[in-house]
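Okay, structure first, notes after.
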Amino acid sequence: MQQKLNLVPFVSVDKMMKLVHLIGVETFLIELAEEIEKDFRRWESFDKVARIPAHSQEGVIELMPTTDGEVYGFKYVNGHPKNTRTGRQTVTAFGLLADMATGYPLMLSEMTMLTALRTAAMSALAAKYLAPEHARTMAIIGNGAQSEFQALAFKALLGVNQVRLYDIDRSASLKCARNLVGSGIDCVIAASAQEAVLGADIVTTVTADKLNATILTDNMIGPGIHINAVGGDSPGKTELHADILHRASIFVEYPPQTRIEGEIQQLSADHPVTELWSVIADRAEGRRGRDEITLFDSVGFAVEDFSALRYVRRKLAETGLYEDLDLLADPDEPRDLYGMLMRAKMPRAVA
Ligand code: NAD
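Its first residue numbered 25, the sequence shown is counted upward by one per residue in this note's numbering.
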């Protein structure tokens with residue numbers, strides 16, 4: 025896409041929603057998962073670093089950078105579980121892609137919607153390699169902003185057609201079930217987490233609370249289950265009882281980040297885990313048997329956001345769903361930045 029030097033394509037929330045509807049939510053999730061899968065196959069070509077957090081009592085703000093040598097990307101994201109009490113989102117985000125050759129931004133985008141889509145696409149992609157074959161029923165514990173996206177991604181990629189919902193706030197489960205009417209997913213609202221996991225092939229935990237919660241206990245997890253643990257993603261913020269971790273084969277995105285932020289922060293630093301990219305790239309085994317308990321200890325990694333931003337950018341030229349943002353000062357003579365400022369001076373109003 026040709027862009028004027030000073031103008032940076034900006035994808036607003038409104039344009040992102042239009043883009044998702046134009047493509048279709050499920051197609052978007054499938055294509056996004058394919059994009060992430062391709063980038064996980066070339067994992068070694070990315071610069072990787074655990075994200076950079078700023079913690080407060082209420083939550084965390086994180087910067088998530090990466091580059092493949094040609095394009096640079098970062099996401100700004102927060103996690104503030106109490107935000108919903110004041111009408112705010114728990115998680116909001118925006119992100120940027122830039123050209124490594126010039127350092128000039130290529131696109132700025134909202135990423136609150138995009139994070140929900142990429143997290144769901146990532147979860148379903150991991151489950152494609154780890155969940156039991158023919159899994160059709162998934163429990164979703166925590167029915168907030170991420171939950172419908174998770175349900176739809178598992179339907180689109182794996183054919184999940186029943187979700188068993190549980191949330192401490194029943195109105196969240198009712199909202200989730202209402203939003204999924206007509207999606208082809210049958211929703212059952214459970215009275216407890218224990219009831220929700222009954223008969224489920226996959227269990228997704230996607231709750232928000234800044235503490236070491238015990239959403240799942242060992243007795244709730246039978247053989248052969250795949251656990252998609254999404255909500256434990258920060259130091260002191262976990263969802264699973266440690267006993268489950270000792271029975272499960274654990275798959276992670278980027279170990280140096282997950283050991284700080286994921287469920288495995290509860291384990292010793294040398295507890296064996298498998299990097300998901302190596303399963304996707306056919307260098308390591310995924311699920312090895314019917315009775316194996318597999319766990320995707322999801323925390324969200326920069327490469328997934330890079331894939332998502334690149335996917336969105338590719339769609340811009342054909343859809344025109346962006347605005348030009350006057351983000352970069354661009355004097356005619358590059359070194360005359362001050363001259364540009366002076367030429368922009370408003371003439372004083374005549375008295
Ligand atoms: P949200 O605040 O919109 O929803 C969270 C829901 O969890 C709420 O409805 C709340 O009532 C429910 N809940 C809290 N404690 C519970 C409990 N003990 N049992 C059952 N339900 C409980 O938040 P969200 O945007 O949906 O995000 C959910 C979680 O996912 C957050 O912790 C967030 O940080 C995390 N997240 C992770 C990734 C990732 O890549 N791993 C990406 C995005 C969000």
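We treat Cβ as the ideally placed atom computed from N, Cα and C, and that holds for glycine.
Just to confirm before moving on: does the CB-CB distance between M88 and Y100 stay below 9 Å?
yes
Per-residue DSSP class, three states only, for Y346
coil
Can you list, in chain order, the stretches of the beta strand (DSSP E) that have 3 or more residues and sit fully within the stretch 174–230?
Listed in chain order, they are 186–190, 210–213, 226–229.
Just to check, is the beta-carbon of P105 closer than 8 Å to a non-hydrogen atom of the ligand NAD?
Yes; taking the cut-off as 8 Å, the Cβ of P105 has a heavy atom of the ligand NAD nearer than that.
Can you tell me which of E357, L291, E285 puts its alpha carbon nearest to the alpha carbon of I76?
E285
Supposed close pair V212, L189 - CB separation, criterion 8 Å
Contact between V212 and L189 holds: CB atoms are separated by about 7 Å, below the 8 Å threshold.
Report the start-end ranges of each beta strand (DSSP E) in the stretch 75–158 that is 3 residues or longer and not cut off at the edges.
You should have 76–79, 84–91, 95–103, 117–123, 129–134.
Please report the distance separating the alpha-carbon of L56 from that of R66.
The straight-line gap from Cα to Cα measures roughly 16 Å.
Could you pull the start and end residues of the alpha helix (DSSP H) that A232 belongs to?
Here A232 belongs to no alpha helix (DSSP H), and DSSP marks it neither H nor E.
Residues that K381 bridges to, as DSSP identifies them:
One cannot answer for residue 381 here, as it falls past the ends of the chain, which runs 25 to 375.
Roughly how many whole angstroms lie between the Cα atoms of T229 and P358?
When rounded, the distance between both Cα atoms is 52 Å.
Sorry if obvious, but does the Cβ on Q186 come closer than 8 Å to a heavy atom of the ligand NAD?
no
CA-CA distance, I192 and R109?
14 Å
Determine the DSSP secondary structure at E316, reduced to helix, strand or coil.
Note: E316 maps to coil in three-state DSSP.
Spatially closest choice to E277 from G248, E61, F173, by CA coordinates
Residue nearest to E277 within the set G248, E61, F173 is E61 (criterion: CA-CA distance).
Which residue's Cα is closest to the Cα of T282: I304, S258, G223, H45?
S258
Provide the residue span of the alpha helix (DSSP H) that contains P371, from first to last.
Run containing P371: none; DSSP gives neither H nor E here.
Is A237 near the ligand NAD, going by C-beta to nearest heavy atom under 8 Å?
yes
Given I317 as reference, the closest of A224, L235, T262 once Cα atoms are compared
A224
Got a sec? Which residues, its chain only, sit under 6 Å from P129 by beta carbon, not counting five neighbours each side?
V32, L120, A122
CA-CA distance, V73 and G248?
33 Å
Taking 8 Å as the cut-off, is the CB of G48 close to at least one heavy atom of the ligand NAD?
Not so, every heavy atom of the ligand NAD lies at least 8 Å from the Cβ.
Integer Cβ distance of I85 from N102, believed to fall under 8 Å:
5 Å
Check each candidate in A214, D210, S207 and name the one with the smallest Cα separation from A196.
A214
Whole angstroms is fine: what's the gap from D306's alpha carbon to R160's?
25 Å
L291 versus H265 - alpha carbon distance:
11 Å
Below 8 Å on the Cβ atoms is my contact criterion, and I expect E263 with L240 to pass it. Report the Cβ-Cβ distance as a whole number of Å.
7 Å
At a cut-off of 8 Å, would you count M162 as near the ligand NAD, judging by its Cβ distance to the nearest heavy atom?
Every heavy atom of the ligand NAD is 8 Å or more from the Cβ of M162, so no.
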